[in-house]
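To start, the structure itself, in structure tokens.
Take a look at the structure:
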């Protein structure tokens, strides 16, 4: 299945605050998630940002491919 455009996409600038992400999946009684984090580094190893990949399971088949979210946060505005 080719979903074009994606169901949701976007970008925003958040400063001195908390990022909140609301996921509404009304057909599911529960959501399970797997979160993987990583650092974005320069050639010398300095951390300049952070990445988060979130995979969500909304049923009971355990494939964690029902919702996929990628977030990137930079330490400085460039």
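Residue numbers (UniProt numbering): 1 to 78. Just so it is clear, CB atoms sit at the ideal spot from N, CA and C, and this is done for glycine as well.
Go ahead and pull the three-state DSSP assignment for residue i.
{"i": "residue 23", "result": "coil"}
{"i": "residue 38", "result": "strand"}
{"i": "residue 28", "result": "coil"}
Over what stretch of residues does the beta strand (DSSP E) that includes residue i continue unbroken?
{"i": "residue 14", "result": "Run containing residue 14: none; DSSP gives neither H nor E here."}
{"i": "residue 49", "result": "47-57"}
{"i": "residue 70", "result": "67-74"}
Of the choices the options, whose alpha-carbon is the least far from that of residue i?
{"i": "residue 73", "options": "23, 26, 41, 66", "result": "41"}
{"i": "residue 35", "options": "77, 75, 78, 67", "result": "67"}
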